[in-house]
Every structure is written in structure tokens, then in C-alpha cells.
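K.L.:
Below is one structure. I have some questions about it.
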Amino acid sequence: MRTATVSSLGIVELAENGETKEGVVVQGNDDRLKIATSKKYGLAILSEPGAAEPGKAVTADDPRLRNATTEFPGIVRFAKNGEESSEAAVQGNDKRLKHATTETYGIVQLAQSGESKEGVVVQGNDKRLRNATTSYPGIVEFATLGNSVPGKVVSADDPRLSDKRDPKPHTHDYAPIGHDFSSHTGLLKVKGNTEAAYTNISPPPENHSPIYGRNESEKGAGVVGVARNTGLIGYGEKFGVRGDSSSVDKDSAGVIGLAKRGFGGIFHSRSGVALLASGKGIPSLGETGSGKALVAEGESEFLGTVRISTGKNTDCIARFFPVNPSDVISEGDILVMGEDGRLQKAKSANATHTIGVAVKSAALLFGSQPSSSDGPHWLVAVSGVATVNADASAYPIQPGNLLVTGLTGGHAVRISAESLRPGSLFGKALTSLRSGRGQIQILLCFQ
Numbered sequence: 001m002r003t004a005t006v007s008s009l010g011i012v013e014l015a016e017n018g019e020t021k022e023g024v025v026v027q028g029n030d031d032r033l034k035i036a037t038s039k040k041y042g043l044a045i046l047s048e049p050g051a052a053e054p055g056k057a058v059t060a061d062d063p064r065l066r067n068a069t070t071e072f073p074g075i076v077r078f079a080k081n082g083e084e085s086s087e088a089a090v091q092g093n094d095k096r097l098k099h100a101t102t103e104t105y106g107i108v109q110l111a112q113s114g115e116s117k118e119g120v121v122v123q124g125n126d127k128r129l130r131n132a133t134t135s136y137p138g139i140v141e142f143a144t145l146g147n148s149v150p151g152k153v154v155s156a157d158d159p160r161l162s163d164k165r166d167p168k169p170h171t172h173d174y175a176p177i178g179h180d181f182s183s184h185t186g187l188l189k190v191k192g193n194t195e196a197a198y199t200n201i202s203p204p205p206e207n208h209s210p211i212y213g214r215n216e217s218e219k220g221a222g223v224v225g226v227a228r229n230t231g232l233i234g235y236g237e238k239f240g241v242r243g244d245s246s247s248v249d250k251d252s253a254g255v256i257g258l259a260k261r262g263f264g265g266i267f268h269s270r271s272g273v274a275l276l277a278s279g280k281g282i283p284s285l286g287e288t289g290s291g292k293a294l295v296a297e298g299e300s301e302f303l304g305t306v307r308i309s310t311g312k313n314t315d316c317i318a319r320f321f322p323v324n325p326s327d328v329i330s331e332g333d334i335l336v337m338g339e340d341g342r343l344q345k346a347k348s349a350n351a352t353h354t355i356g357v358a359v360k361s362a363a364l365l366f367g368s369q370p371s372s373s374d375g376p377h378w379l380v381a382v383s384g385v386a387t388v389n390a391d392a393s394a395y396p397i398q399p400g401n402l403l404v405t406g407l408t409g410g411h412a413v414r415i416s417a418e419s420l421r422p423g424s425l426f427g428k429a430l431t432s433l434r435s436g437r438g439q440i441q442i443l444l445c446f447q
């Protein structure tokens with residue numbers, strides 16, 4: 001607890017005068033604690049008045065701390081009224097800070113009401129900022145209702161913006177009559193309510209549809225649809241698509257379908273027949289048919305059951321054959337091959353050269369239709385069910401009986417299996433004939 005000196009420790013160690021050693025205590029008589037002047041250090045070094053030396057403190061009598069005027073600077077220099085010098089501060093009484101009027105400037109110059117002068121500011125009470133009417137303009141001037149005056153604005157209640165008007169002939173610079181199909185983008189939606197009487201096979205009237213396309217070119221199309229999946233879709237509650245052609249060219253068609261590898265046409269029905277080819281016409285459209293339904297030109301393939309029905313009890317397969325012109329042949333006559341290669345009516349019993357039965361129609365017809373220049377021909381059933389002339393004068397005919405030719409020309413008679421001559425059987429009875437001559441249904445089966 002002894003008194004500390006600079007030489008020996010007490011509670012603390014005392015520093016020498018001016019000493020900057022760590023951990024020693026500055027004494028009260030240290031030179032650094034004396035009052036500082038511009039000549040001698042204290043805690044700080046004082047600068048001379050007006051001096052700009054780093055590390056020295058400015059004294060209170062420095063001229064730079066005096067009040068500034070327009071003649072003598074202090075910390076700053078004041079600008080004179082209206083002066084535009086650099087590094088001079090604008091005073092609060094500068095005329096440029098006063099309220100501006102239309103006669104004298106402030107920071108800006110105010111424009112007179114309605115004045116259109118460059119560099120002046122429009123005031124809030126300018127007449128051009130008032131609400132415009134058809135009598136007094138504001139920023140704009142309104143046109144009276146229905147009036148077409150240049151330089152005036154149409155108001156929202158103008159009847160021309162709401163009344164329906166018929167379109168007049170016009171053109172567009174942006175969409176001339178002829179322009180590239182790809183010059184427009186977006187979707188086109190057309191909705192309407194229109195129909196017109198449309199009968200016969202002829203061009204439909206223009207007002208029969210909301211969209212009407214007519215191409216005056218000889219080979220172009222009226223409407224084209226192009227897509228990566230389905231090019232064109234037609235939907236109708238009764239008919240989805242209708243195709244008409246009034247050409248007399250036999251190669252023309254109401255609808256044509258083409259494909260590189262796939263099917264030219266695909267038809268589907270959820271509950272009915274996928275495809276109907278009717279030769280009877282379409283009564284609901286007032287169209288009568290020619291009686292001809294379908295032509296399949298080329299190799300055909302059927303995957304499933306093929307059902308053929310004529311509704312005339314003529315479910316047979318037949319072909320046209322040339323016949324002897326001297327013979328009088330009737331439907332149902334049995335025909336045999338003659339020595340000249342033409343058919344004739346059977347006139348002998350148990351004939352082995354029977355070909356078939358003369359018919360007027362067949363379910364399935366082989367071969368082509370002969371022309372008149374080919375001589376007389378008859379359609380002859382060679383398989384299936386046919387109606388044949390029969391003679392039951394000697395023996396009644398029952399279903400299942402074997403049939404051969406009889407002595408009566410063109411007629412069939414019953415024969416027993418024991419009396420059957422090889423090659424003479426041509427059919428089996430399906431219906432009966434008790435006596436006399438008549439017609440029965442038979443199944444053609446040659447042996």
C-alpha cells in the first residue's frame with residue numbers, strides 16, 4: 001500500500017512525463033494535460049486562423065466561423081438576389097422563391113387561362129381543364145349526338161354506338177379482298193340464326209348458313225380446313241356432313257375421301273349400321289334413288305358375316321347365260337346345256353346336263369350384264385334357293401323330295417333315290433305340290 005513512483009510500483013505504476021507506455025497511469029503534471037495553443041500541444045493541436053491543416057482543431061475566433069454575407073463568406077457564401085453563381089447559397093429572400101403569377105416569375109411562370117405558350121405552367125383554374133360539353137370545350141370538345149364533325153369527340157350515349165345498322169360496302173387497308181391466309185392470327189367465332197329452303201341437288205343459298213364460301217375458280221375449293229389431326233368437323237343433330245354434286249360425269253361424287261396409306265373413309269355407329277348405301281333414295285330430303293346401291297371396284301375383304309336378302313324368295317346365286325333364241329323360256333324353267341353352248345329348256349327326263357333355273361333376280365349375281373348385241377340371255381340360278389316350275393301329275397311333291405327334270409318342258413319331278421341317275425339330281429324340294437303343275441321353292445344341289 002506504499003506510495004507509487006515512476007521507479008517503484010504502488011497500487012499502480014506512474015508514467016513518466018509524456019510517456020505512452022501501456023498499463024501506466026498519466027500523472028497530473030503531464031505536459032499533455034496543459035492548455036493547448038497553436039504553438040504547443042495540449043490534448044489537441046490548435047490551427048492558426050484560416051489555416052486548413054489536417055490534424056489540427058479550428059479555434060472559435062477563426063474567420064471562417066463568422067456570419068456569412070454576399071460580400072464575405074462564412075462557412076458558405078450567400079448569393080445575391082437573383083444571382084446564378086456556382087458555390088453560392090440562395091437566400092430566403094431571393095425573388096425567385098416568391099409566389100409566381102401570370103405577370104411575374106417565381107420558380108416557374110404561370111400561364112394565362114387558355115394560353116398556349118411554351119415554357120409556362122397551366123394553372124388549376126385553366127378553362128381547358130373544366131368538364132367538356134357540346135357547347136364548351138374542355139381538354140376536348142364533344143360532338144352533338146349523331147353529328148359527324150372533325151376534331152370533336154363522340155360521347156358514350158351517341159346512338160351510333162348502339163343502334164343496329166345495315167353494313168355498307170367497304171374495304172379495309174389492313175385486310176384487302178385478297179390476302180394471305182396466314183396474315184391473321186387468333187380464333188374466329190361466328191354465331192347466327194339463319195335457314196333457307198334448300199331442295200334438289202344444287203348450290204345451297206347464301207343465307208342457309210352463318211358462313212358462306214364461294215370460289216369462282218374451276219378447280220378450287222369453297223372451304224378448306226387444315227390441321228394435324230382433324231381438318232374439318234361437321235356436327236348436326238340429324239346429319240353431320242352433307243355432300244352434293246350436280247355433275248353429270250359418272251366419276252363425280254357427293255363426297256370423296258383420299259388417303260396415302262390408311263382408309264379413304266371410316267364409318268361408325270354406336271348402335272346401328274355403320275354404313276347404309278341406299279338405292280331407294282332419301283325420302284326425308286325428297287330424293288329418289290336409282291335402285292343401285294353399291295359398287296365395290298377391286299379386291300374386297302369382309303371380316304364377319306355377310307347377309308344378303310332380296311325379300312323376293314330369290315336367295316340364290318345366279319349368272320347370265322346365252323340361250324337358244326328359238327326357245328320360249330319363262331321364269332322358273334329348268335335349263336340345260338345345248339350342243340351349241342347355249343342353254344335351252346329341259347325337255348327330257350332325268351337329264352344330266354342341267355345347269356340351273358331361270359330367274360328374274362338373284363341375291364348374288366356373278367359376271368357382267370350382257371348387252372343387246374350379245375344376243376338373248378337369261379339370268380340362271382346355279383346355287384341357293386330358287387322358285388322352280390314343277391309337275392306333280394304322277395307323284396305328289398313333299399319337302400325334302402329329290403328333284404330331276406321331267407318330260408314336261410322346263411319342269412321338275414320327284415324321283416326316288418333308287419331310281420336316281422348319276423348326274424341328274426339338281427335340287428331338293430322345300431315346299432310341297434300335291435298334284436298338277438305349279439311352282440315350288442327348291443334348294444339347288446347338283447349331283
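Those letters in the sequence shown? Residues 1 to 447, by UniProt numbering. We treat Cβ as the ideally placed atom computed from N, Cα and C, and that holds for glycine.
#1: When DSSP builds the beta bridges, which residues end up paired with residue 207?
#2: Classify residue 31: buried if its beta carbon has 16 or more other beta carbons within 10 angstroms, exposed otherwise.
#3: Decide yes or no for the touch test of the region 310-317 against the region 284-302: beta carbon pairs closer than 8 angstroms, at least 3 of them.
#4: Can you list, in chain order, the stretches of the beta strand (DSSP E) that have 3 or more residues and sit fully within the region 328-392?
#5: Kindly indicate which residue of 409, 49 and 423 has the alpha-carbon position closest to the one of residue 402.
#6: For residue 428, which beta-bridge partners are listed by DSSP?
#7: Count the other CB atoms within 10 Å of the CB of residue 263; is the residue buried (16 or more) or exposed (fewer)?
#8: When you compare the CB positions of residue 54 and residue 63, do they come within less than 9 angstroms of one another, or not?
#9: Do residue 442 and residue 359 have their CB atoms nearer than 9 angstroms?
#10: Restricting to Cα atoms, I'd like to know which of 160, 203 and 302 is closest to residue 148.
#11: Less than 8 angstroms between the CB atoms is what I'm expecting for residue 355 and residue 335, so what's the real figure, rounded?
#12: If you run the structure through DSSP and keep just helix, strand and coil, what is residue 214?
#13: How should residue 189 be labelled, buried or exposed, when 16 other C-beta atoms within 10 angstroms of its C-beta is the threshold for buried?
#14: Give me the residue from 212, 383 and 271 with the minimum Cα distance to residue 315.
#15: Quick test of your reading: residue 254 and residue 243, contact by CB under 8 angstroms. State the CB separation rounded to the nearest angstrom.
#16: Rounded to whole angstroms, what's the CA-CA distance from residue 345 to residue 411? Just pull it up for me.
#17: Pick from 428, 331, 351 and 325: whose alpha carbon is nearest that of residue 340?
#18: Taking all protein chains shown into account, decide if residue 319 is buried (16 or more other Cβ within 10 angstroms of its Cβ) or exposed.
#19: So, for residue 96: in the same chain, excluding its five sequence neighbours on each side, which residues have a beta-carbon less than 8 angstroms away from its beta-carbon?
#20: Please state whether the Cβ-Cβ distance between residue 394 and residue 440 is less than 9 angstroms.
P.N.:
Reading off the structure:
#1: None; residue 207 has no bridge partner.
#2: Result: exposed.
#3: No: the two stretches stay apart, fewer than three of their Cβ pairs being nearer than 8 angstroms.
#4: 334-337, 343-345, 354-358, 364-366 and 377-391
#5: 423
#6: Note: residue 428 sits in a beta bridge opposite 402 and 443.
#7: exposed
#8: no
#9: Their beta carbons are not under 9 angstroms apart, which means residue 442 does not touch residue 359 by this criterion.
#10: 160
#11: 5 angstroms
#12: coil
#13: exposed
#14: Taking the Cα of residue 315 as reference, the smallest distance to any Cα among 212, 383 and 271 is reached at 383.
#15: The beta carbons of residue 254 and residue 243 sit about 4 angstroms from each other, so the pair counts as a contact at 8 angstroms.
#16: 9 angstroms
#17: The shortest C-alpha separation from residue 340 is found at 325.
#18: buried
#19: 82, 90, 105, 106 and 107
#20: no
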